[in-house]
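A quick write-up on the structure given underneath.
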Amino acid sequence: WRCGGYEAAMHIAQFVNTLAVGGAEQLAVDLALELKARGHTLTAIALHERGALADELERAGIEVLALEKGRGLNWKTMSTFPRFLKSNRVEVLHSHNTHLHHLAVGAARMAGVRAVVNTVHGLVNVPETTKARVLYQTAAYATDRIVTVSRAVAEAMKAELALPDRLVQVVYNGVDPARFAALQRPWLKAEG
Numbered sequence: 113w114r115c116g117g118y119e120a121a122m123h124i125a126q127f128v129n130t131l132a133v134g135g136a137e138q139l140a141v142d143l144a145l146e147l148k149a150r151g152h153t154l155t156a157i158a159l160h161e162r163g164a165l166a167d168e169l170e171r172a173g174i175e176v177l178a179l180e181k182g183r184g185l186n187w188k189t190m191s192t193f194p195r196f197l198k199s200n201r202v203e204v205l206h207s208h209n210t211h212l213h214h215l216a217v218g219a220a221r222m223a224g225v226r227a228v229v230n231t232v233h234g235l236v237n238v239p240e241t242t243k244a245r246v247l248y249q250t251a252a253y254a255t256d257r258i259v260t261v262s263r264a265v266a267e268a269m270k271a272e273l274a275l276p277d278r279l280v281q282v283v284y285n286g287v288d289p290a291r292f293a294a295l296q297r298p299w300l301k302a303e304g
């Protein structure tokens, strides 16, 4: 939280569908690790199961909560989520993609979370059905910022969901190239 040039440590929760290996999930993990390195308290919350990425977070000292939501409405999940946010004094809830964002907004508002952010990771995540659009649009107006990973996604979100410019911001994905430096590259072998 920035105030007059001073950045205070916050408790930030990353909310994803699952912590199985995937693009959005890896970005959420990378973001959690970087924010922890900057002094913030982090929690990763998976709507469904933990997945393979949970171990990496826990090794870094980041708490992981798997809500284990099954199909359909699950009252246990719906009560556990806001109770966890409130009891752990989460200040920022960052959800990833559109299909679970309404759950994030509902839980955050019940728990008194100060800010809710949603990242939309690609055009494939723009809601298509009427029900999905209405759920997302309703949640969007109770959201502090919607981040998209490209201009194309931002324009689609604004055009197809009638979201105002002030709500949607583009932040391009950052990838640390050092992660890939040690990979074998047979196509670069010297001839001779």
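Throughout, the working numbering is defined as the position within the sequence shown, counted from one, plus 112. Idealized CB from N, CA, C, for every residue including glycine. Since the model is a prediction, treat every value here as computed from it, not as a measurement.
Beta-carbon proximity list for residue i, same chain, < 8 Å, skipping 5 on both sides
i      : result
ARG201 : HIS123
ALA132 : GLU161, GLY163, ALA164, LEU165
THR255 : HIS213, VAL217, VAL228, VAL229, ASN230, LEU279
VAL238 : THR210, VAL232, VAL265, ALA268, MET269, GLU272, LEU273
LEU177 : THR155, ALA156, ILE157, ALA158, PHE196
Between the CA atoms of residue j and residue i - distance to the nearest angstrom
i      : j      : result
LYS148 : GLU203 : 14 Å
HIS160 : ALA120 : 31 Å
ILE157 : ALA271 : 30 Å
ALA268 : ARG183 : 28 Å
THR153 : ALA125 : 8 Å
ARG245 : GLU180 : 25 Å
VAL236 : SER191 : 30 Å
HIS233 : ARG257 : 14 Å
VAL261 : LEU143 : 14 Å
GLN138 : VAL259 : 16 Å
ALA251 : VAL128 : 16 Å
PRO194 : THR130 : 18 Å
THR189 : LEU275 : 29 Å
THR155 : THR242 : 32 Å
GLY134 : GLY224 : 30 Å
GLU307 : TYR253 : Because residue 307 is not part of the residues shown, which for the chain are 113 to 304, the question remains open.
LEU215 : ILE174 : 22 Å
GLU170 : ASN285 : 23 Å
PRO289 : TRP187 : 43 Å
LEU185 : GLU240 : 21 Å
Under the three-state DSSP convention, the category residue i falls into
i      : result
TYR118 : Because the pLDDT of TYR118 is 45, which lies under 50, any placement of that residue in the model is unreliable, and the number read from its coordinates should be weighed accordingly. Note: TYR118 maps to strand in three-state DSSP.
ALA158 : strand
LEU128 : According to the sequence displayed, residue 128 carries Val and not Leu. VAL128 falls in the strand class under three-state DSSP.
Contacting residues, own chain, Cβ-Cβ under 7 Å from residue i (five flanking each side not counted)
i      : result
ARG263 : VAL282
ALA136 : VAL128, HIS208, ASN209, HIS233
ARG226 : GLU203, VAL204
GLU168 : VAL141
ALA219 : PHE193, PRO194, LEU197
MET222 : PRO194
GLY151 : ALA121
GLY116 : Because the pLDDT at GLY116 is just 43, under 50, the model does not fix this residue reliably, and the value given afterwards should be weighed accordingly. Once the five neighbours on either side are set aside, GLY116 has no close Cβ partner at all.
LEU247 : HIS214
ALA172 : LEU145, LYS148
ASP277 : LYS270
Cut-off 6 Å between Cβ atoms - residues of its own chain near residue i, not counting five sequence neighbours on either side
i      : result
HIS206 : GLN126, VAL229
GLN249 : LEU273
Any non-hydrogen atom of the ligand SAH closer than 6 Å to residue i Cβ
i      : result
ALA216 : Looking at this structure, you won't find the ligand SAH or any other ligand, since it has none at all.
Runs of 4 residues minimum, wholly inside the segment 208 to 293: which ones carry the alpha helix (DSSP H) assignment? Listed in chain order, they are 213 to 223, 242 to 252, 263 to 273.
My parser needs the beta strand (DSSP E) runs of 3 or more residues fully inside the segment 136 to 205; what are they? Taking only runs of at least 3 residues, the beta strand (DSSP E) segments lying wholly in the segment 136 to 205 are 153 to 158, 175 to 178.
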